[in-house]
Amino acid sequence: MENQIFYYDNKIVKNFAYATLFWGVIGMVVGLLLALQFIWPALSFGIPYTTFGRIRPIHTNAVIFAFVGNGMFTGIYYSLQRLCKARMFSDLLSKINFWGWQLIIVFAALTFACGITTGKEYAELEWPIDILVAVIWIVFGWNMIGTIIKRRTQHIYVAIWFYIATFVTIAVLHVTNSLAIPVGLFKSYPIYAGVQDALVQWWYGHNAVAFFLTTPFLGLMYYFLPKAANRPVYSYRLSIVHFWALIFLYIWAGPHHLLYSALPGWAQSLGVVFSVMLIAPSWGGMVNGLLTLRGAWDRVREDPVLKFMVVAVTAYGMSTFEGPMMSTKTVNAISHFTDWTVGHAHIGALGWNGFLTFAVLYYLIPRIFQTQLYSRKVANLHFWIGTLGIIFYAVPLYWGAITQASMWKEFTADGFLKYPNFLETVTQLKPMYAARAIGGSLYIVGIILGVYNLVLTIKAGKFLPEEGASAPALAKAAGKRGSGEGIHRWLERRPVQFSIVALLAILIGGIIEIVPLYLIKTNIPTIASVKPYTPLELQGRDIYVREGCYTCHSQQVRPFRSETERYGEYAKAGEYVYDHPFQWGSKRNGPDLSREGVVNGPQYRPNSWHYNHMMDPQRLNQQSIMPAYSWLISDDLNITNTAKKIRVMQFLGVPYPPAYDSKANDDLMVQATGIANDLKSQGIQVEPGKEIIAMIAYLQRLGKDVHSANLPTASVIRK
Amino acid sequence: MLRDIFKSLGNFENYGLISMVIFVIFFILLIIHTMSLKTGDVDEYSRMPLDDGAKEKDEIHDI
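Which chain is which? The protein sequence lines are A and B, in order.
Adding 480 to a residue's 1-based position in the first sequence gives its number in the working numbering.
Each step along the second sequence adds one to the number in the working numbering, with nothing skipped, and position 31 is 11.
Here's what the structure looks like:
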């Protein structure tokens, strides 16, 4: 067959590489600001745009989708062309992918700072941006599949399988989890509520980790590790088993984020079982990566690219052991809601994704700029500072997590909580938070060194926008299976059919876990006393979502004595049926709020306390790390959209009376005036039309419905 | 008896068990497939990243 000459598009690789470096610095500096707010809450600066609840999504989204996302595209655009021995299918699609993705990131940062959020972790983008994400993702997939189709190699290499799985699964997850009914351009309510919303969200959330942070990077590992080590993959057979077992099993693991919650037990058990089984393929992949270095370990001492890769793959192994361990109910009872989860996530993000991203950048930037890395010494310094940064980041958080979980659960000899004031368990952690900030700072210093090194490499080199290559054209193979050709061998050369089979593999788990929650009523027993939120409470709830309160407060009491004593009745599935979206949270920087409104309950506070607390938390508790929300007191509540909100809720099945939308604001004002009058009686002058009134109304509603019902108590259930 | 089996399969509590059985069957077939691959082919595939078709430096056309 005649040799064809063609050119790899390095421009798109360069653009994504630059974006990776830029957003990496931004995302991690915002992370450092968040870490410092744990020590000095005044670093919220008293303005809404920089409070923890608003910038935490900026940090997580910037690191996941901007830094890691651009890093993923950098590696995929570089490796896909070379593995297919073909230029990208369309330069235009490449450009749309690049600029569209950057536009999404900018929109995300702006909207989150303004409090425009869906209130669902890692899926906070509102519906217009969600649509844009879907469009850009399809552009990426179209370009990728098109490139694979026009390849000049018969076999589709295993790295590309991981890229295909990434594309199809993220598309399914994003679309399914983002289904919502708009109230306006910047506000929507998800079609799911309560337990169903929680399951869909964590099915998405966990698999965003799996298919955005893991599978594409495994693909990159399978390309760049052999390339950097100049050795073939240790076991191609193992990589095949790794791929299929991983994508089949991963999709089931989402419910491990909801252990001891109101999610039905059978779904929790499925999550646990499949999470534990995940160790096998995950470690198979890790072993395959590390053994690829057999005979090349001497070079690891010298080559910064291999150093970064070895620590990245090791961090992957640590995370994928730790994850299943945290998914067992015994460990989860301690780790959940604590900084253990944060430490775990950062071993993965900083170690696996961060280090592999820099390994890829250190590998390809000198090559596309036709030069050598500017300084190996600086790269080595980056490596060691970064590694120390990860350790200094994670170890204090593990220590703090076990400390805090122990304090939450400790009882006196007389049977009372030893630390009934939640704040005591937070102040205990401040030294650990300081150590975490030092670790994060070290990691950022490493990144800045990396950027410096790469910028000087770029300056010293000459960019090669079109890299020449040659390969024989691929002989057109028959669409049907040849005689003696197995199904998988056939699939391995058919990208579209391969994508469909990968899609089926990931759909099985999702369908089996999610569909019964909708079809089988007994999964979510209804509670007659649970009523829809009043219009004022609904508005207050939207402010709660806007301010990202869920980033620090849970609304989910687990069935432990230590929790029912501290907060009140444990969570029931039926009490969340009108929660669009659910607000269970995943981390307790502050106490659980789901029983906040239960008069005479352990968490109850009068309206005046909430007012003063929002105004200045440190005035009530000097050690409090909560930021002030003084603008809730000065800002008017927007009630022009109340009727629309009620109509959307009715559409979603919330049983407001017919035509209630037309008189919702009347009811709203009656309730608001009542709260304002109560505050007045406590010497606090505030108009009923202020946001703080709605927020207080919502907080005072939490838990009331369940406590007015005649339900079996936690102690009865435990018998 | 057959009716009872189908009735039991329709019970969502068994979904996990059914899924694990599906996975085990899938896994065994996967192992059989990978073991049946010819060593020569597998070696060729595992070397794919090492041959990216890039031309030698003096052959590169910087356009």
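We put the beta carbon where it would ideally sit given N, CA and C, even for glycine.
Quick caveat, the model's predicted, so the values are computed rather than measured.
CB contact flag (residue i, residue j, <8 Å)
| i | j | result |
| --- | --- | --- |
| Tyr637 of chain A | Met624 of chain A | no |
| Asp1116 of chain A | Gly1154 of chain A | no |
| Met806 of chain A | Leu836 of chain A | no |
| Ile671 of chain A | Ala660 of chain A | yes |
| Leu718 of chain A | Asn687 of chain A | no |
| Thr905 of chain A | Met887 of chain A | yes |
| Val543 of chain A | Gly580 of chain A | no |
| Ala733 of chain A | Phe754 of chain A | yes |
| Phe647 of chain A | Gly621 of chain A | yes |
| Ala442 of chain A | Val785 of chain A | Because chain A spans 481 through 1199 in this model, residue 442 of chain A falls outside it and cannot be assessed. |
| Gly930 of chain A | Thr1006 of chain A | no |
| Pro952 of chain A | Gln484 of chain A | yes |
| Ala1123 of chain A | Ile1023 of chain A | no |
| Lys667 of chain A | Pro945 of chain A | no |
| Ser1034 of chain A | Arg1068 of chain A | yes |
| Asn495 of chain A | Phe578 of chain A | yes |
| His635 of chain A | Arg973 of chain A | yes |
| Ile1126 of chain A | Ala1144 of chain A | yes |
| Ile1164 of chain A | Tyr1058 of chain A | no |
| Ile650 of chain A | Trp607 of chain A | no |
| Leu1073 of chain A | Leu1179 of chain A | yes |
Expected contact under 8 Å - CB spacing of residue i and residue j to nearest Å
| i | j | result |
| --- | --- | --- |
| Gln1019 of chain A | Leu1148 of chain A | 7 Å |
| Pro696 of chain A | Met798 of chain A | Actually they are not in contact, since the Cβ atoms of Pro696 of chain A and Met798 of chain A sit about 19 Å apart, beyond 8 Å. |
| Gly919 of chain A | Gly869 of chain A | 5 Å |
| Trp683 of chain A | Gly990 of chain A | 6 Å |
| Thr808 of chain A | Val752 of chain A | 6 Å |
| Arg631 of chain A | Lys707 of chain A | Actually they do not touch by this definition, with Cβ atoms about 18 Å apart. |
Through-space distance from residue j to residue i, alpha-carbon basis
| i | j | result |
| --- | --- | --- |
| Ala914 of chain A | Leu922 of chain A | 13 Å |
| Ala478 of chain A | Tyr854 of chain A | Only positions 481 to 1199 of chain A appear in this structure, which leaves residue 478 of chain A out of reach. |
| Ala497 of chain A | Leu841 of chain A | 7 Å |
| Arg774 of chain A | Leu729 of chain A | 29 Å |
| Arg567 of chain A | Ile848 of chain A | 15 Å |
| Ser715 of chain A | Ser26 of chain B | 7 Å |
| Pro601 of chain A | Val505 of chain A | The residue asked about is misnamed: residue 601 of chain A is Glu in this sequence, not Pro. About 22 Å. |
| Glu1045 of chain A | Pro1097 of chain A | 24 Å |
| Tyr740 of chain A | Pro846 of chain A | 50 Å |
| Asn1087 of chain A | Val822 of chain A | 33 Å |
| Thr597 of chain A | Leu605 of chain A | 6 Å |
| Gly1081 of chain A | Val1166 of chain A | 26 Å |
| Gly20 of chain B | Ser815 of chain A | 48 Å |
| Ala522 of chain A | Pro1107 of chain A | 7 Å |
| His1093 of chain A | Gln1103 of chain A | 13 Å |
Residue i burial status per 10 Å Cβ neighbour count (16 or more: buried)
| i | result |
| --- | --- |
| Cys1029 of chain A | buried |
| Gly831 of chain A | buried |
| Ile967 of chain A | exposed |
| Cys594 of chain A | exposed |
| Ser963 of chain A | exposed |
| Gly525 of chain A | At residue 525 of chain A the sequence reads Phe, which differs from the Gly that was named. Classification of Phe525 of chain A: exposed, given that the 10 Å Cβ count is below 16. |
| Arg781 of chain A | exposed |
| Tyr998 of chain A | exposed |
| Thr892 of chain A | exposed |
| Asn812 of chain A | buried |
| Val976 of chain A | exposed |
| Gln676 of chain A | buried |
| Leu984 of chain A | exposed |
| Asp31 of chain B | exposed |
DSSP-derived helix/strand/coil call for residue i
| i | result |
| --- | --- |
| Gln1180 of chain A | helix |
| Gly1065 of chain A | coil |
| Leu1012 of chain A | Sequence check: residue 1012 of chain A is Pro here, not Leu. It is coil, neither helix nor strand. |
| Val663 of chain A | strand |
| Asn1121 of chain A | coil |
| Gln908 of chain A | coil |
| Ile538 of chain A | helix |
| Glu946 of chain A | strand |
| Asp1022 of chain A | helix |
| Ala893 of chain A | coil |
| Asp31 of chain B | coil |
| Gln1165 of chain A | coil |
| Asp489 of chain A | strand |
Contact with chain E by residue i, beta-carbon distance below 8 Å
| i | result |
| --- | --- |
| Trp763 of chain A | Note that chain E does not occur in the displayed structure, where the protein chains are A and B. |
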